[in-house]
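Residue numbers (the numbering used here): 10 to 707.
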């Protein structure tokens, strides 16, 4: 209001206590505290000075955060908090980003101003949801980013508007989880000690640790291993860069990529074993102390180091590994009397490849230093109560809201000039989020026996991290979840066809699905296999019947071209209604759906020597411990027959040390169908050794 007391304005209409306001020195917004997210959970918010926008949340800690006061210059914020259990609370001080606050307020939803006599159509709401989530301001909703935070606040606000509330045992809709977001080189170096003296190289253009490298210092004679590829005998043909080399206690130097003059099936097979992680694993298993990767002059990106790739695995490769630039390569091969181009050419036809060699009179000292970056992701979970009370088993519906950001990780399929652009993720999976928000709205207007939870996951694109965290550590015990319904990429229905996947998880699904479809009228494609690369997997592995809705793949998948205008919003509205009807039918049942452990069908036909091995293990993709933690094993599969079960940690497979899922994947390529191998695993702190006979990969 004005200094004379005229023109008072109400800035909040929050449905909860809003108190202790304090204006920012700019006069553009006001700090205040509110228990919007739970009776005893106060948080700090900001609201624009005109009161035209919904408030934006600032703090995210259970308990009390309040009494905010900005510094006179507006660049710092003091407030009181008991976030660490302090009696009575203590004063905290943090930097304040004024520009970021203005951006967040600009993106906040407008306060409700539409009269009840002018309802917004479901199709319009769906389009609004997708347009916001896939808009440039959210920058692709990468897990742990500001865009993800803004998306989570938007989702929570939409849920609160329809009367959804936090789960009964919680004071907030937000569930945070930590994850490894990658690594950065903080000072790696390499010393080449040859006939011309010792030369030290530093800087990213000369030496750059690979994202999966161990940190450490190693030293030893230099051995050149060509392309550093070992193709198992069980594959289409044999190729072994290490066949005649002794690299024990040495530093291996290897070329990047595959032999440049190969093509067709040969090149395709070599590509399968040419990943940098695989090259590091192969060098490690051969006894090398470290690995240097050189991009040869006949290859793309000649002479350049390799940028640090996004890698969510906490475990490293077991040895220091780095890429080196042109100057380092010249120093490494100076004593051979040949140019690197001549050497590379001799390895490039692959029929057969040239033999590696110890680089004469050269020793290498490699020092790698990486800092693992930890970030926080957020699931948003809200509930609607059922008439049977909160002790009844729950129906959970879910959709992931994260995407790829600018696509700088390994999952982007951007082409050419698209690289580095924002990946909007309109179909993947703003469509599923929008449909789930509308399904929640529909279910809020009806009574249902069972309580219903609506879960919006983050970290799906990194390996179903958010849903796995919820299943493992969430507030709803898995034994009290009657069913899980997932929506992932549901915005591009073609020819009226909708896929319902995973219904083999319960014999009851077919009847429920068919009945729910009667008012909607899709041509349903019912698929039994519940082993899907999406969030439903976390629930199925926990013994919960699952169904996944999916409208189909398309050329814009994981590209910057997956944009909002390409979605069919009328069909998306029908998908939303179908999901709500499915949930309603499960929610009114007297008992939960029956669960079935589906046995994967073994692959038929083909040579047993060329089929990839199958073990029937289901890894815990969210695990960050050293080894391969099993989420479960497939009933009737080789792992189950050997006595393995969920919760076991595989540390050795077929004589190969297993430190992460990549080691395990590569080890599978080195075994044969029906040929027994030894597996070492840890259960309850005790090591066990069993024999496992791989089957044919499905």
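From the three backbone atoms N, C-alpha and C, an ideal C-beta is built for every residue, glycine too. Fair warning: this is a prediction, and the values are worked out from it, not measured in the lab.
Strand pairing of residue i, partner residues [DSSP]
i           : result
residue 682 : In DSSP, residue 682 forms no bridge with anything.
residue 368 : Paired residues: none, contrary to the question.
residue 388 : 184
residue 230 : 372
residue 658 : 638 and 691
residue 51  : 73
residue 57  : 38
residue 202 : 207 and 372
residue 151 : 412
Proximal residues to residue i (C-beta, below 8 angstroms), its chain only, five neighbours per side dropped
i           : result
residue 414 : 148, 149, 150, 151, 154, 156, 431 and 432
residue 61  : 119 and 120
residue 465 : 161, 164, 388, 389, 390, 407, 408, 409, 410, 442 and 445
residue 51  : 42, 43, 44, 72, 73, 74 and 75
residue 350 : 305, 306 and 307
residue 616 : Bear in mind that a pLDDT of 32 at residue 616, under 50, signals an unreliable position, so the number given afterwards is only what the model happens to contain. Cβ within range, chain order: n/a, list empty.
Given residue i as reference, the closest of the options once Cα atoms are compared
i           : options               : result
residue 270 : 234, 308 and 298      : 308
residue 119 : 304, 197 and 170      : 170
residue 5   : 179, 216, 397 and 189 : Nothing can be reported for residue 5, as the shown portion of the chain is limited to 10 through 707.
residue 685 : 467, 78, 578 and 647  : 647
residue 206 : 371, 165 and 477      : 371
residue 103 : 88, 440 and 375       : 88
residue 258 : 28, 328, 211 and 486  : 328
residue 592 : 525, 100, 600 and 569 : 525
residue 475 : 189, 662 and 262      : 189
residue 326 : 522, 663, 635 and 639 : 635
residue 435 : 280, 144 and 547      : 144
residue 348 : 380, 312, 373 and 375 : 312
residue 517 : 537, 530, 352 and 663 : 537
residue 384 : 185, 624, 662 and 366 : 185
residue 541 : 497, 681 and 30       : 497
residue 374 : 356, 234 and 230      : 230
residue 495 : 508, 523 and 367      : 508
residue 453 : 470, 672, 226 and 393 : 393
residue 449 : 519, 288, 174 and 35  : 174
Residues of its chain near residue i, where Cβ-Cβ distance is below 7 angstroms and the 5 sequence neighbours each way are ignored
i           : result
residue 549 : 511, 514, 539 and 555
residue 247 : 240
residue 427 : 568 and 569
residue 456 : 396
residue 355 : 363
Collapsed DSSP secondary structure at residue i in the structure displayed
i           : result
residue 300 : strand
residue 131 : helix
residue 189 : strand
residue 353 : helix
residue 65  : strand
residue 675 : helix
residue 611 : Because residue 611 sits at a pLDDT of 36, beneath the cut-off of 50, its placement in the model cannot be relied upon, and the following sentence gives the value as read from the coordinates. DSSP places residue 611 in coil when its eight states are reduced to three.
residue 438 : helix
residue 105 : coil
residue 665 : strand
residue 687 : strand
residue 163 : helix
residue 647 : helix
residue 92  : coil
residue 591 : helix
residue 209 : strand
residue 123 : In this prediction, residue 123 scores a pLDDT of 37, lower than 50, which makes its location untrustworthy; no coordinate-derived value is stated.
residue 139 : helix
residue 382 : strand
residue 582 : helix
residue 701 : strand
Own chain residues within Cβ distance below 6 angstroms of residue i, not counting five before or after
i           : result
residue 677 : 622
residue 224 : 377, 378 and 379
residue 626 : 639, 642 and 648
residue 578 : 132, 135 and 136
residue 552 : 604
residue 645 : 608
residue 212 : none
residue 368 : 231 and 233
residue 261 : 232, 234, 292, 297 and 300
Residue i at chain B interface by Cβ criterion, 7 angstroms
i           : result
residue 697 : The structure shown has no chain B; it contains just one protein chain.
**OP:** Within the segment 249 to 298, note down every full alpha helix (DSSP H) run reaching 4 residues or more, in order along the chain.
**Re:** 273 to 281 and 285 to 294
Original post:
Curious, which full-length alpha helix (DSSP H) runs of at least 4 residues does the segment 471 to 559 contain?
Top reply: 474 to 482, 518 to 526 and 545 to 549
Subject >> Runs of beta strand (DSSP E) lying entirely within the segment 15 to 44, each at least 3 residues, in chain order >> reply: With a minimum length of 3 residues, the continuous beta strand (DSSP E) runs that stay inside the segment 15 to 44 are 27 to 32 and 38 to 43.
Subject >> Start-end ranges of the alpha helix (DSSP H) lying completely within the segment 409 to 468, minimum 4 residues >> reply: Those alpha helix (DSSP H) runs which fall completely within the segment 409 to 468 and span 4+ residues are 440 to 453.
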